[in-house]
Ligand SMILES: [Zn+2]
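Residue numbers (UniProt numbering): 1 to 1011.
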């Protein structure tokens, strides 16, 4: 009975209060976007993180389809944002990914576009980062990073006249030196923010209030290209309990006293507590709250309504000050505080989020996409050069589609390999479409450039074919029967600024062939049989990808040496001959009765010595440099943790590498260990390592490095265990735990096994924790020699023992690693419904030099790997040379670029303007002769044009460089700041047109020509 009485009384009391109070009414929230000095300022940064493909494709994310995978629609975000910002002029929002924004923008009415322009001009809407995508930082090449950022910055400049001020790399899995000094400082950013750093590093930085630093990432640039950088305390989301998407369950601010659950005091207390706890680990009285996360603000009002209330009530409370802010405003506040910041050097790799969670698997995940992206990156560079030599056509094919698809592929869930399979397929499809159009640009340009009579449309120009599947020996153009009296014309284009000699390989159907140069003189050639392994690879993949298996079966690789002028082409002819060309000598040791102890291979200065009995490489000898070294070249695999069903904790997956114990050597099955082919141009050693690994080691006459081509896959998983395959080279070099890996193809950074410079490393993963991303190469050295490996795509690699280097070349896994993608990384190739595990074909290159001499090869040959010779094929019945240009150089015939400089962009912008980027390839102190200032004479580069204006710009060409330097904020750093003078190239005299480049400098110009 008592409880009933109480119940009645309570209800009466409540009713009384409801009836006696006034009714709900309009509350004007006092929002602000101003800072209050002397108080703890909580900068609320409203943002959405819109992955340009991950669990869904870019198109599905944009329109909001396939929502059973993820409820995400970027159109909703941008549509709802406009009225939400208009509702209160204090509200702020940042937008990042231009691949999405420019799409939405083009679909808006003029009225909406004008409103958005006002929002941008007032600063309510600010573009941050501003690239096409938020690129990955481990598996991207610096040229791709520059190109994709330029694309986005160009759009923002054209449409809004703005230049983004802030770097915002909040999701990539670790952060590179190149991102800091090049893609942030040199694009004119004032700061750079990110979330993912090693969990041990983060704890130390929280204790020392050093999450925010001045990052001097490059030895060559020191403080001259530093950037204020902040790692978030936890992630890029709001503090716990402050999430406000429609379905989120954080408590809303219920401030209507007429309704139940009024909670303003509690919510204000929670806000203040969270702010103070963050302030305790942050320097200055400014902290940033990242209010948003993946694909949020699909109904923007829900977030802004709550933030309006927080700002209103928290500021009424007065203990801390809350405001609508942006990373720019936050950066200005940090700068105004005029404090000194700790210095950070080098990079933030590798990234681990928990004890056994090293995100070093994605350095290799999806190796064929990584290979495809790199191949197209080099092709895009060459295609734009050729497009420029012809003149950009208004109606004809363009390179724009390849630019767009390559930019999208740099996203941190694209080339990184951490997307779902159907999304990986979508990226590949876009790249293929982009390539197909760019291929037409290349063909049209070569037709134009080879047309000696300048016949225009009078006589049909030559039709060029190209062979993008040459890597699997598929090239219909060269697989023709020359007996019908036709010549195969091979035009070889060199995108580098140096004269170059390289060996060309094309498949042919007959041995009765001869090769002539452009003067008609027969030159040396060599035939190598195309073995069954290649024929199988070729027929399977042409059927899978082209839907057709070609009937012609090439018998030989025809090799010959081509010499090509800088930014120019040469022409070679392949035709029928009465006699067979030189067929390589074949030697299969196990068939020979009298086995020798050793076999020496190598037509030039480099000799590799193989042991016949053991069927393996044992010695490396260079007769010119006198380098001699014991060497072992082998394959091994790591069993992936968690693929055995009994293991439940952190598995290996698309992101994470977690080996289950140490590596297992892969031994040759002993049947046919070695086959050696020798000829005048190249020697090849074929090794069938096992039923799913095949390797060819090539030594060319004129080269002093070895080339290793590998075919790995399908990786067997019938034992229920995932495997990660590595190749390794072992020498006796006493490298004392130290090795070097490149940062996005630029600076080499010193790595020390089981050690970090920024904190005392607790070693939990002795292999995975020592893996680093490699885009150009890896090397180690001792007092007398250095061993270098260069790669043809992005891979993970390490030095697990002194004198040893390894690369992870392929991975196949059976369980997901719980970082979001929700699929095991188990790639297959299917014909109809029958699928087999993916096979990877790739190359790497190795060389041993006297200590101090390796840089020259790594840089110069590294650039040749990035920019291979481009081949185009045509048929000729008569004498091609009579009616065609057979030799061409795009620059003055007497000129070549210095050995330490590459043209990394030459792009026709239309209206008589070009975009030119020149890159010095060497770091300060890297090479005795080449780490010096270089000079490029633009009058000779543009020898047939008259330059009327040249302006030097920021890296992404969206502002004048001088203007950018003037605006740059200066930051004070803690401790000693003595550093040597940083050399820089001087200004360019518009009359002399000579560009100076200091070590590692990249200079960007917009040049106008007289029409
Ligand atoms: Zn992301």
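Even for Gly, the Cβ is constructed at its ideal location relative to N, Cα and C. Quantities reported herein were computed from a predicted structural model and do not represent experimental measurements.
**Asked** Any idea if residue 830 is buried or exposed, counting beta-carbon neighbours within 10 angstroms, 16 or more meaning buried?
**Response** Position 830 of the chain shown, counted from the first residue, corresponds to residue 830. Burial call: exposed.
**Request:** Going by CA-CA distance only, name the one from 339, 475 and 636 that's closest to residue 509.
**Result:** Start at 1 with the first residue of the chain shown, and residue 509 comes out as number 509. For residue 509, the nearest C-alpha among the options comes from 475.
**Request:** Taking 8 Å as the threshold, find out whether the region 104-123 comes into contact with the region 893-900 through three or more Cβ pairs.
**Result:** Fewer than three Cβ pairs drawn from the region 104-123 and the region 893-900 lie within less than 8 Å of each other, which leaves the two stretches out of contact.
**Message:** So, for residue 875: in the same chain, excluding its five sequence neighbours on each side, which residues have a beta-carbon less than 6 Å away from its beta-carbon?
**Reply:** Here residue 875 is taken as the residue at index 875 of the chain shown, counted from 1. Taking residue 875 as the centre and dropping the five residues before and after it, the same chain places the C-beta of 486 closer than 6 Å to its C-beta, in chain order.
**Where residue 1008 falls: helix, strand or coil (DSSP)** = Here residue 1008 corresponds to residue number 1008 of the chain shown, with the count starting at 1. In the displayed model, residue 1008 falls within a strand according to three-state DSSP.
**Message:** Any heavy atom of ligand 1 inside 6 Å of the beta-carbon of residue 51?
**Reply:** The count along the chain shown starts at 1 and reaches residue 51 at position 51. Yes; taking the cut-off as 6 Å, the Cβ of residue 51 has a heavy atom of ligand 1 nearer than that.
**Message:** Between residue 330 and residue 268, how many whole angstroms is the CB-CB distance? I'm expecting something under 8 Å.
**Reply:** By 1-based counting over the chain shown, the position of residue 330 is 330. By 1-based counting over the chain shown, the position of residue 268 is 268. Actually they do not touch by this definition, with Cβ atoms about 22 Å apart.
**Message:** Within 10 Å of its beta-carbon, does residue 11 have 16 or more other beta-carbons around it, so buried, or fewer, so exposed?
**Reply:** Taking the chain shown and counting its residues from 1, the one referred to as residue 11 is at position 11. Model confidence at residue 11 stands at a pLDDT of 45, short of 50, so the residue's coordinates are unreliable; what they give is reported in the following sentence. Its Cβ having fewer than 16 others within 10 Å, residue 11 is exposed.
**Request:** Determine the direct distance from the alpha carbon of residue 27 to that of residue 139, and round the result to whole angstroms.
**Result:** On the chain shown, position 139 is the one that residue 139 refers to. On the chain shown, position 27 is the one that residue 27 refers to. Take the alpha-carbon of residue 139 and the one of residue 27: they are about 51 Å apart.
**Asked** Can residue 445 and residue 386 be called in contact, C-beta distance under 7 Å?
**Response** To locate residue 445, count along the chain shown from 1; it is residue 445. To locate residue 386, count along the chain shown from 1; it is residue 386. Taking 7 Å as the Cβ cut-off, residue 445 and residue 386 qualify as a contacting pair.
**Item:** Stretch pair the region 712-719 + the region 687-696: three plus CB contacts closer than 8 Å
**Value:** Three or more beta-carbon pairs drawn from the region 712-719 and the region 687-696 are found closer than 8 Å, and the two stretches are therefore classed as touching.
**Prompt:** Beta carbon of residue 152, beta carbon of residue 200: below 7 Å?
**Reply:** Taking the chain shown and counting its residues from 1, the one referred to as residue 152 is at position 152. Taking the chain shown and counting its residues from 1, the one referred to as residue 200 is at position 200. Contact: no.
**Prompt:** Are the Cβ atoms of residue 726 and residue 657 separated by less than 7 Å?
**Reply:** Numbered from its first residue, the chain shown carries residue 726 at position 726. Numbered from its first residue, the chain shown carries residue 657 at position 657. Taking 7 Å as the Cβ cut-off, residue 726 and residue 657 do not qualify as a contacting pair.
**Asked** Is residue 348 helix, strand or coil when you go by DSSP?
**Response** Here the question's residue 348 lines up with position 348 in the chain shown. Of the three classes helix, strand and coil, the one that applies to residue 348 here is strand, per DSSP.
**Asked** Can you check whether the CB of residue 441 is closer than 7 Å to the CB of residue 394?
**Response** Mapped onto the chain shown, residue 394 falls at position 394. Mapped onto the chain shown, residue 441 falls at position 441. For residue 394 and residue 441, no; Cβs fall outside 7 Å.
**Asked** At least one CB of chain D closer than 7 Å to the CB of residue 493: is that the case?
**Response** You won't find chain D in this structure, because it holds only one protein chain.
**Asked** On the three-pair Cβ rule with 8 Å, is the region 776-796 touching the region 675-691?
**Response** Result no; under three Cβ-Cβ pairs closer than 8 Å.
**Asked** So the alpha helix (DSSP H) residue 78 belongs to, where does it begin and stop?
**Response** The residue labelled residue 78 in the question sits at position 78 within the chain shown. Where residue 78 is concerned, the enclosing alpha helix (DSSP H) stretches over 74-86.
**Request:** Could you give the DSSP three-state label for residue 264: helix, strand or coil?
**Result:** Looking up residue 264 in the chain shown gives position 264. In this structure, DSSP gives residue 264 a helical state, which the three-state scheme calls helix.
**Message:** Quick check: does the Cβ of residue 171 come within less than 6 Å of any heavy atom belonging to ligand 1?
**Reply:** Locating residue 171 in the chain shown gives position 171, counting from the first residue. Relative to the non-hydrogen atoms of ligand 1, the Cβ of residue 171 comes within a distance shorter than 6 Å of at least one.
**Item:** residue 328, enclosing alpha helix (DSSP H) - first and last residue
**Value:** Here residue 328 corresponds to residue number 328 of the chain shown, with the count starting at 1. It spans 327-336 - the alpha helix (DSSP H) in which residue 328 sits, taken as one unbroken run.
**Prompt:** Is there at least one non-hydrogen atom of ligand 2 closer than 6 Å to the beta-carbon of residue 785?
**Reply:** As presented, the structure is devoid of ligand 2, carrying ligand 1 as its sole ligands.
**Prompt:** For the 8 Å Cβ check, are there 3 or more pairs between the region 182-197 and the region 223-231?
**Reply:** By the C-beta criterion, the region 182-197 is judged to be in contact with the region 223-231, since at least 3 inter-stretch pairs fall below 8 Å.
**Request:** Decide if residue 472 is buried, meaning its Cβ has at least 16 other Cβ atoms within 10 Å, or exposed.
**Result:** On the chain shown, residue 472 is found 472 positions in, with the first residue counted as 1. By the 10 Å Cβ count, residue 472 comes out buried.
**Proximity to residue 688 [Cα-Cα], best of 673, 698 and 697** = Counting from 1 along the chain shown, the entry for residue 688 is found at position 688. Residue 673 is the option with its Cα nearest to residue 688.
**Asked** Should residue 341 and residue 351 be called a contact, given that it needs their Cβ atoms to be closer than 7 Å?
**Response** Locating residue 341 in the chain shown gives position 341, counting from the first residue. Locating residue 351 in the chain shown gives position 351, counting from the first residue. It is not a contact, given that the beta carbons lie outside the stated cut-off.
**Request:** Quick one: using the 10 Å Cβ neighbour count with 16 as the cut-off for buried, is residue 293 buried or exposed?
**Result:** Numbered from its first residue, the chain shown carries residue 293 at position 293. By the 10 Å Cβ count, residue 293 comes out buried.
**Item:** Whole-Å CB distance - residue 814 paired with residue 722, under 8 Å assumed
**Value:** Within the chain shown, residue 814 is the residue found at index 814, counting from 1. Within the chain shown, residue 722 is the residue found at index 722, counting from 1. Contact holds; Cβ gap of about 5 Å.
**Request:** May I ask which residues mark the beginning and end of the beta strand (DSSP E) holding residue 168?
**Result:** For the purposes of this step, residue 168 is taken as the residue at position 168 of the chain shown. That run of the beta strand (DSSP E) goes 166-169.
**Request:** State the DSSP-derived secondary structure class of residue 552, mapped to helix, strand or coil.
**Result:** Taking the first residue of the chain shown as position 1, residue 552 is located at position 552. Here residue 552 sits in coil by DSSP.
**Request:** Compare the Cα-Cα distances from residue 884 to each of 490, 53 and 74 and report the closest residue.
**Result:** Position 884 of the chain shown, counted from the start, is the residue given in the question as residue 884. Checked all of 490, 53 and 74; the closest Cα to residue 884 is 490.
**Item:** Bridge partners - residue 837, DSSP secondary structure assignment
**Value:** What you label residue 837 is simply residue 837 of the chain shown in a count that begins at 1. Per DSSP, the beta bridge partners of residue 837 are 828.
**Asked** I think residue 633 touches residue 774, with their Cβ atoms under 8 Å apart; what is that distance to the nearest whole Å?
**Response** The sequence position of residue 633 within the chain shown is 633, counting from 1. The sequence position of residue 774 within the chain shown is 774, counting from 1. With a Cβ gap of about 18 Å, residue 633 and residue 774 do not count as contacting.
**Buried/exposed call for residue 1004, threshold 16 Cβ in 10 Å** = Stepping through the chain shown from its first residue, residue 1004 is reached at position 1004. Sixteen is the threshold: when 16 or more other Cβ atoms of the shown chains lie within 10 Å of the Cβ of residue 1004, as they do, the residue is buried.
**Message:** Assuming residue 381 and residue 435 are in contact, meaning their beta carbons sit under 8 Å apart, how far apart are those beta carbons, in whole angstroms?
**Reply:** One-based indexing of the chain shown puts residue 381 at position 381. One-based indexing of the chain shown puts residue 435 at position 435. Not confirmed; about 13 Å, so no contact.
**Prompt:** Roughly how many angstroms lie between the CA atoms of residue 946 and residue 906, to the nearest whole one?
**Reply:** Looking up residue 946 in the chain shown gives position 946. Looking up residue 906 in the chain shown gives position 906. Roughly 16 Å separates the two Cα atoms.
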